[in-house]
Every structure is written in C-alpha cells, then in structure tokens.
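Asks: Every letter in the sequence shown is one number past the one before it in my numbering, and letter 82, counting from 1, is 66.
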Amino acid sequence: MGNYLMSRSRRSDVRKTARLTYLATTKRFMTPHLNKEDIHRMAVGETRIALIQSKKFDSVIGSIFLAIAVKLITKLIEKWLDENLFSLDSISPQYTEGEPGYDPKTK
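1. Secondary structure at Pro88, three-state DSSP: helix, strand or coil?
2. Can you grab the Cα-Cα spacing for the pair Arg35 / Asp(-3), in whole Å?
3. Alpha carbon to alpha carbon, how far is Leu7 from Ile75?
4. For Ile57, which of Leu18, Met26, Lys39 has the nearest alpha-carbon?
5. Assuming Phe49 is part of the alpha helix (DSSP H), what are its boundary residues?
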C-alpha cells in the first residue's frame, strides 16, 4: 500500500532511517535474538521520532504520510527480526526483493 501513497525517494529515506536505527538498537543487546520484542518496540519508536525530527513530514498531509511510514517501518523491522538480521552486512542499504515497500522499477 505504501508503494502507491509515498514516492520512491520518501520510501527510500524512511527505509534508510529505519535501517540505521534498527541496527543501532540491536547493538544495545548482547543477545538480540532473545530480545526481539524489545528491539521491535524500541526501533519503531526511535525511527518514528527520527522521522518527526527530520522535518520531512512537516506539512498538512505529512501526518498521513508519517502514519503510512510507521506502518512501513513496522513491517520492515518485523521482517528483519523474523530473518534474524542483526548485522550491518546482513541488511542491504537499498531495498531488496520481498521487502515491504519494494518497487521492482528501482533497481
């Protein structure tokens, strides 16, 4: 759904912020695979705060885009946690096929 409501560049920015925040959050735990629920909660919350502070969603329709971005972030982080991706090398900087928000046109 987010593919049609947000531009590719905005989705890419959201994913980039989510990736960096998620990886920073996983580094806080010695055993991230045992703390998935805490990582999920913290990473989604901190990414949301980072997006608000970035001022990219400061418009009349920005709050709607922010809500869509948070849903996209939640799905991305859930996918990364399900696949046990906890290192910088395991999560690509760009979208990969199968991720929420992936657009095959942006290769």
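C-beta atoms are modelled at their ideal positions from N, C-alpha and C, and glycine is treated no differently.
Replies: The answer reads as follows:
1. The answer is coil: DSSP assigns Pro88 none of H, G, I, E or B.
2. Checking the sequence, you will find Leu at residue 35 rather than Arg. Between Leu35 and Asp(-3), the alpha-carbon positions lie close to 9 Å from each other.
3. Going from the Cα of Leu7 to the Cα of Ile75 covers about 9 Å.
4. Cα-wise, what sits closest to Ile57 is Met26.
5. According to the DSSP assignment, Phe49 belongs to the alpha helix (DSSP H) that extends over 46 to 66.
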